[in-house]
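I have placed the structure first, in the form of structure tokens, so that the comments after it can refer back to it.
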Amino acid sequence: MKWTKQKGLLLTIIGVGLLLGACKDELQPTVTKDVLDANISFKIKPEAGTEFILNLYHTQDENEPFYQRDPDMVLKRTLSTSDVENGFTLPIEELDRNGFAYVTAFVDVDGDGVLSEGDIATGYFEQTLRKVMRGTAKASNVAHREFLTIEMAELYTTLVSFEADFSFTIAPAEDTKLLLHLYYADQEEPNFFERAPDDVREVVLTADEIRDGAKISLNDMQDNPYVYAMAYLDINGNGNLDHADVAAVYPGKSLMDIISGTETAASIAGEESVEMDMKDWFIQEDGVLRDIDGNVYQTVMIGTTEWMAENLKTTRFRNGDALVTGLSNTDWAATFTNGRVRAYAVYPYTESGGTVSSEAEMIARYGLLYNGYAVEDTRGLCPVGWRVASDDDFKALEEAAGMPDDLLDATSWRGTPTLSPNVGLKLRSTEGWPLVGTDDLDFKALPAGVRAETGVYGNFINAGNNGSLARAAFWTSTNGNESGTLGYRRLIESSRPHSVLRGTVAKREGYCVRCVRE
């Protein structure tokens, strides 16, 4: 980035080392002349013939950002070999000593007339003008001095080194892309997120980085007065920041809170490193419920709860980790002994009695069958903002369908034609059953079958006895015992129009899942 004369942004590092060693203007002796001698030397030696440029600024306010305007005086000198080797004195005449005066200087190495990358600048008490602009250093007033000692000792650069260290409270799947967006500004910019970033860096995360932390390092970050940092995990891998990604803004704020104005971002300008914890989901719903695989779901309000009106189909947890699938009957039965393997299955369309003609159709109409270990996993089966329906959620659903209060907590086939007429029919779809339902609540339960803990499939629409054993089976998120090996379930069976089963079962079973909004 270059600073033009027209905008007065000729940068340098304010070089004024007091030969007399005084540090405060009020301690200076009375000055009797209007000339300020600048004694120039070169620690970094330019080529002879290069132009040396010194700028003088007069201000009435000690805190005026003088570097943002044109200088009041510009002195130039074409350097000789003697100047470079031995130094020289440059008199600054007509110095106004009634206010404040500031000096900047640089060697125009590239000959473009403005301070730019690779020019030679100076330093004063090891503070640079870049730090003055950020407010971390203060320029020195030279109005009461008779001479200055300026050593040209640094190459000017608008680039700095920076490192962002990331931890992952929400741990993404291996090979997820982490992107760091940088926004450069010359003044505070609360709504920086509304524009495109000025710089983007990314890393594809390894398992070790997800576990131990990841770094993104730069040696060429722009040294602007304000720099804002936003990072996100591209959970769904579509290359964009969108709903259900994980996003953070320095210093450890949720992007959602920054956008809403409840939190404020801080600038990282002047920082050599920062820490960012990826712990907040980015929620930007568009009225359509999608899972991480892109499946779209219909929803329905039942009482005060919003339900999915169809069975879950995702093959991944919300963080992007894949569930296990394709297990044989033996391997399905061993999911507990093999470490509570999180798995799903697709009911074989070849066992549907011609009801379904392909696996894709089976998934689209009936969803997937998940074991209870997938349901209990804290990575989350349901889309962001949703969760697996609990035992209490199902009791509220049953109550809305007419189940008496005194039967809600029973563990059995609950309901009779007298006590709960048609409660089962009210929850099942108006199609797809041997005995279709009335679907009073738009819950649309379908006889999607089960995969037993032995791995055997059954209870699909055409299952035995002319379909009388066809079942809609649902997991709840509620454990059925202290060890967590059992979970509460619900069954709706074709031959039981007035009943719904509530009970516990081994988590090796494969059932459908319905999600509710959190």
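When the letters of the sequence shown are read in order and numbered with this note's numbering, they come out as residues 12 to 529. Just so you know, even glycine gets a beta-carbon here, dropped at the ideal spot from N, CA and C.
Exercise. Going by alpha carbons, who is nearest to E286 out of L90, L191 and R80?
Worked result: Against the sequence shown, residue 286 aligns to sequence position 275. Comparing Cα positions, the closest option is L191.
Exercise. With R212 and I227 assumed to form a contact (beta carbons below 8 Å), what rounded beta-carbon distance in angstroms separates them?
Worked result: Numbered from its first residue, the sequence shown carries residue 212 at position 201. Numbered from its first residue, the sequence shown carries residue 227 at position 216. Yes, R212 and I227 are in contact; Cβ-Cβ is about 5 Å, under 8 Å.
For this session: Quick one: grab the DSSP three-state call for E58.
Result: Numbered from its first residue, the sequence shown carries residue 58 at position 47. In the structure shown, E58 sits in coil (DSSP, three-state: anything other than H, G, I, E or B).
Exercise. When the Cα atoms are used, what is the spatial distance from D82 to P102?
Worked result: If you number the sequence shown from 1, residue 82 lands on position 71. If you number the sequence shown from 1, residue 102 lands on position 91. Going by the sequence as given, residue 82 is Pro instead of Asp. Roughly 16 Å between the two C-alpha positions.
For this session: State buried or exposed for K87, treating a residue as buried only when at least 16 other CB atoms are found within 10 Å of its CB.
Result: Here residue 87 is taken as the residue at index 76 of the sequence shown, counted from 1. K87 should be labelled exposed.
Problem set entry | Buried versus exposed, by CB contacts within 10 Å (16 or more), M241 | Residue 241 sits at position 230 when you count from the first residue of the sequence shown. Note on M241: 16 or more other CB atoms within 10 angstroms of its CB, so buried under the neighbour-count rule.
Exercise. Among P76, A259, K455 and S284, which residue has its Cα nearest to the Cα of K290?
Worked result: Within the sequence shown, the letter at position 279 stands for residue 290. Between K290 and the set P76, A259, K455 and S284, the nearest pair of CA atoms involves A259.
Problem set entry | Own chain, CB closer than 7 Å to D36, minus 5 neighbours either side, in chain order | In the sequence shown, counting from the first residue as 1, residue 36 sits at position 25. Any reading at D36 must be qualified, since the residue scores a pLDDT of 39, below 50, and its modelled position is unreliable; the value itself is stated next. For D36, where only same-chain residues beyond five positions count, the Cβ hits under 7 Å are N152 and H155.
For this session: Please go through the segment 318-362 and give each complete alpha helix (DSSP H) segment of 4 or more residues, from N-terminal end onward.
Result: Entirely contained in the segment 318-362, the alpha helix (DSSP H) runs reaching 4 residues are, in chain order, 340-344.
For this session: Give the DSSP-derived three-state secondary structure of L452 in the structure shown.
Result: Mapped onto the sequence shown, residue 452 falls at position 441. Reduced to three states, the DSSP call for L452 is coil.
Exercise. Thinking C-alpha only, which one of A354, F63 and N470 is nearest S479?
Worked result: Stepping through the sequence shown from its first residue, residue 479 is reached at position 468. Among A354, F63 and N470, the Cα nearest to that of S479 belongs to N470.
Problem set entry | For S271, three-class secondary structure by DSSP | Within the sequence shown, residue 271 is the residue found at index 260, counting from 1. Residue state, collapsed to three classes: helix.
Problem set entry | Local conformation of R222 per DSSP, three classes | On the sequence shown, position 211 is the one that residue 222 refers to. R222 falls in the helix class under three-state DSSP.
Exercise. With DSSP run on the structure shown, which of helix, strand or coil describes A112?
Worked result: As a first step, residue 112 must be located in the sequence shown, where it is residue number 101. A112 falls in the strand class under three-state DSSP.
For this session: Enumerate in chain order the residues of its own chain whose CB-to-CB distance from D45 is below 8 Å, with the five nearest sequence positions on each side excluded.
Result: Taking the sequence shown and counting its residues from 1, the one referred to as residue 45 is at position 34. The residues are E104, E105, L106 and R108.
For this session: Rounded to whole angstroms, what's the CA-CA distance from I64 to N202? Just pull it up for me.
Result: Stepping through the sequence shown from its first residue, residue 64 is reached at position 53. Stepping through the sequence shown from its first residue, residue 202 is reached at position 191. Straight across, the Cα-Cα distance linking I64 with N202 is about 38 Å.
Problem set entry | Local conformation of M373 per DSSP, three classes | Taking the first residue of the sequence shown as 1, we reach residue 373 at position 362. The answer is helix: DSSP assigns M373 an H, G or I state.
For this session: Express the C-alpha separation of E75 and T43 in angstroms, rounding to a whole number.
Result: Position 32 of the sequence shown, counting from 1, holds the residue named residue 43. Position 64 of the sequence shown, counting from 1, holds the residue named residue 75. Interpretation of T43 is limited by its pLDDT of 48, a score under 50 that renders its predicted location unreliable; no figure is taken from the coordinates.
Exercise. Are E520 and G383 touching if we call contact CB-CB under 9 Å?
Worked result: Within the sequence shown, residue 520 is the residue found at index 509, counting from 1. Within the sequence shown, residue 383 is the residue found at index 372, counting from 1. Yes, these two residues count as a Cβ contact at 9 Å.
Exercise. How far does the beta strand (DSSP E) with S488 in it reach, from first residue to last?
Worked result: Looking up residue 488 in the sequence shown gives position 477. R482 to N490 is the extent of the beta strand (DSSP E) around S488.
Exercise. What first and last residue would you give for the alpha helix (DSSP H) that runs through G5?
Worked result: In the structure displayed, the chain extends from 12 to 529; residue 5 sits before or after that span and is not available.
Problem set entry | Buried or exposed by the 16-neighbour rule on C-beta atoms within 10 Å, applied to A320 | Residue mapping note: residue 320 aligns to position 309 of the sequence shown, counting from 1. Counting Cβ neighbours within 10 Å, A320 comes out buried, since at least 16 surround it.
Exercise. G435: which of W343, D451 and T515 sits nearest, CA to CA?
Worked result: Here the question's residue 435 lines up with position 424 in the sequence shown. Taking only the C-alpha atoms, the option nearest G435 is D451.
Problem set entry | Contacts around A225, its chain only, beta-carbon distance under 7 Å, and the 5 residues preceding and following it disregarded | Indexing the sequence shown from 1 puts residue 225 at position 214. Non-local C-beta neighbours of A225 in its own chain, meaning closer than 7 Å and more than five positions away in sequence, comprise F177, L189, V214 and L216, ordered along the chain.
For this session: Determine which residues share a DSSP beta bridge with K188 and list them.
Result: The residue labelled residue 188 in the question sits at position 177 within the sequence shown. Under the DSSP definition of a beta bridge, K188 partners with V215 and D245.
For this session: Write down the C-beta distance between E464 and A517 rounded to the nearest angstrom, noting that I regard them as a contact closer than 8 Å.
Result: Residue numbering aside, residue 464 sits at position 453 when the sequence shown is read from its first letter. Residue numbering aside, residue 517 sits at position 506 when the sequence shown is read from its first letter. That pair is a contact at about 5 Å.
For this session: State the start and end residues of the unbroken alpha helix (DSSP H) segment that holds V511.
Result: Your numbering for residue 511 matches position 500 in the sequence shown. V511 -> not in any alpha helix (DSSP H); beta strand (DSSP E) instead, spanning V511 to A517.
Exercise. If S278 sits next to Y239, beta carbons under 8 Å apart, how far is it from one beta carbon to the other, in whole angstroms?
Worked result: Here residue 278 refers to the residue found at position 267 when the sequence shown is read from its first residue. Here residue 239 refers to the residue found at position 228 when the sequence shown is read from its first residue. 6 Å between Cβ atoms; contact.
Problem set entry | DSSP state of G460 mapped onto helix, strand, coil | To locate residue 460, count along the sequence shown from 1; it is residue 449. If DSSP states are grouped into helix, strand and coil, G460 belongs with the strands.
Problem set entry | Inter-stretch contact at 8 Å, needing at least 3 Cβ pairs: the segment 441-460 / the segment 342-355 | No, the segment 441-460 does not touch the segment 342-355.
Exercise. What residue from L380, L159 and D94 has the CA that sits closest to R482's CA?
Worked result: Taking the sequence shown and counting its residues from 1, the one referred to as residue 482 is at position 471. Taking only the C-alpha atoms, the option nearest R482 is L380.
For this session: Counting only the same chain and skipping the five closest in sequence on each side, list residues whose C-beta sits under 6 Å from that of S265.
Result: Here residue 265 refers to the residue found at position 254 of the sequence shown. Apart from sequence neighbours up to five positions away, the residues of its chain that approach S265 with a beta-carbon distance below 6 Å are D291, ordered along the chain.
Problem set entry | L438 vs V527 beta-carbon contact at 9 Å | Taking the sequence shown and counting its residues from 1, the one referred to as residue 438 is at position 427. Taking the sequence shown and counting its residues from 1, the one referred to as residue 527 is at position 516. No.
Exercise. Which residues in the same chain as N230 place their Cβ atom closer than 6 Å to its Cβ, once the five residues preceding and following it in sequence are excluded?
Worked result: Here residue 230 corresponds to residue number 219 of the sequence shown, with the count starting at 1. Answer for N230: S172, listed in chain order.
Problem set entry | Residue interval of the beta strand (DSSP E) (run including Y468) | Stepping through the sequence shown from its first residue, residue 468 is reached at position 457. Where Y468 is concerned, the enclosing beta strand (DSSP E) starts and stops at Y468 to F471.
Problem set entry | A407 - DSSP class collapsed to helix/strand/coil | Sequence index remark: in the sequence shown, residue 407 carries index 396 (1-based). Residue state, collapsed to three classes: helix.
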